[in-house]
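Numbering (this note's numbering), first residue to last: 2 to 156.
Quick look at the structure:
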């Protein structure tokens, strides 16, 4: 295989994102608008871009300013750290919905009640956690379960 035959970085990233989208619940983009996470679409033009920016922040564990820089350098969107924070605050219900849908799809039914309380789905979040952070915790803890090899939906 020659150098010209190798996929470009953009093509590779596009294929990676397509894989992530296959794992997400049906109608996740519509739910972003319905639950208030994605509203106007001026700077961030789609729910997919919003999710990608939020995942940079949440999975990399980087500061908001670093997230803004990575999103800009990566060609996603040019946005300030304050604007990311405002959008992050509006994503809690959306992330919580996605996590519930992912659990229902990918985890066997007998495990779901145990994992709900174990993953912070209790009525009262742990001490020191703001309500919005509980949703991020849901999202971040579902991803490793998928990476461990749950490649088939639960039956």
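Glycine is no exception: its CB is placed at the ideal position from the N, C-alpha and C atoms. It should be emphasised that the depicted structure is a prediction, and the values quoted were computed from it without experimental measurement.
{"Asked": "Touch test, the segment 82-90 against the segment 8-24, Cβ-Cβ under 8 Å, three pairs minimum", "Found": "no"}
{"Asked": "Cβ-based burial, residue 72 [other Cβ within 10 Å; buried from 16]", "Found": "buried"}
{"Asked": "Delimiting residues of the alpha helix (DSSP H) encompassing residue 57", "Found": "48-61"}
{"Asked": "Exposed unless 16 or more other CB atoms sit within 10 angstroms - verdict on residue 44", "Found": "exposed"}
{"Asked": "Contact between the segment 31-40 and the segment 93-108 (3+ Cβ pairs under 8 Å)", "Found": "yes"}
{"Asked": "Residue 67: CB within 8 Å of a non-hydrogen atom of the ligand ADP", "Found": "Among the ligands in the structure shown, none appear at all, so the ligand ADP cannot be discussed."}
{"Asked": "Supposed close pair residue 21, residue 54 - CB separation, criterion 8 Å", "Found": "Going by Cβ atoms, the distance from residue 21 to residue 54 rounds to 13 Å, so no, they are not a contact pair."}
{"Asked": "Integer-rounded CB distance, given that residue 25 should sit under 8 Å from residue 39", "Found": "Not confirmed; about 14 Å, so no contact."}
{"Asked": "Cβ shell of residue 98 (< 7 Å), same chain only, five flanking positions each side left out", "Found": "32, 36"}
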